[in-house]
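Note that the working numbering gives residue 58 to position 53 of the sequence shown, counting from 1, and the numbers run on in steps of one.
Quick reminder that beta carbons are idealized off the backbone N, C-alpha and C, glycines included.
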Amino acid sequence: MSTQTLPTSTPTTPVDGKTRTRRIVAFSAAGLAVAGIVTGLVIGFGGSTAPAVDPAPQLAPISHSTGYVPSHSVTPVTPAEPVTPVAPSAAIETLQKELGQLNYYEGPVTGVMNTQTTQAITYLQRDANLPRTGTMNAATQAALTNFLANGNNHMGG
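Below, the structure written as structure tokens:
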């Protein structure tokens, strides 16, 4: 059996000023080269911010001599009449306040029938066991008057 000895430390060579300067220059040149390659790749793979401009597609001319008739008709659109705002009503304003007293209506009191008012009427009709139409009629008005006078504690016993 032969015994082999391994060196316990690596020999160091002294670095003089020229060698150190050469290493710094070499590392700097390598860094610049890598930066140049990365920049080239970014530009080459679409790093440009300018959008590509596609030319407009060219349409083939239409020949009217073929007898082609379109399967649909084109109707010109006329502008709609301007919407006239609904004037506030004292009756609707009172209704909104009364529905609010019973906690059915929580919207602004505007005097204009809106979705919240219709929904509040529907809830009142539900609690009064009436058909849920969302519109005021004689039966709904009677239920509203009754609830305002006696409360709407339909859960009480």
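Opening and closing residue of the alpha helix (DSSP H) in which residue i lies
i             : result
proline 139   : In the sequence on display, residue 139 carries glycine and not proline. Segment: none, glycine 139 is in no alpha helix (DSSP H) and carries neither H nor E.
leucine 107   : Unbroken run through leucine 107: none, as it is neither H nor E.
threonine 127 : 120-132
Residue i (DSSP reduced to helix, strand or coil)
i              : result
glycine 52     : Its pLDDT being 49, under 50, glycine 52 is placed unreliably by the model, and the measurement read from it follows with that caveat. Glycine 52 falls in the coil class under three-state DSSP.
glutamate 98   : helix
alanine 85     : coil
alanine 148    : helix
asparagine 155 : helix
threonine 115  : coil
threonine 44   : helix
alanine 80     : A small fix is needed here, since residue 80 is threonine in this sequence, not alanine. In this structure, threonine 80 counts as coil in the three-state DSSP scheme.
arginine 25    : helix
Any chance the stretch 85-94 sits against the stretch 129-136, with 3 or more Cβ pairs inside 8 angstroms? no
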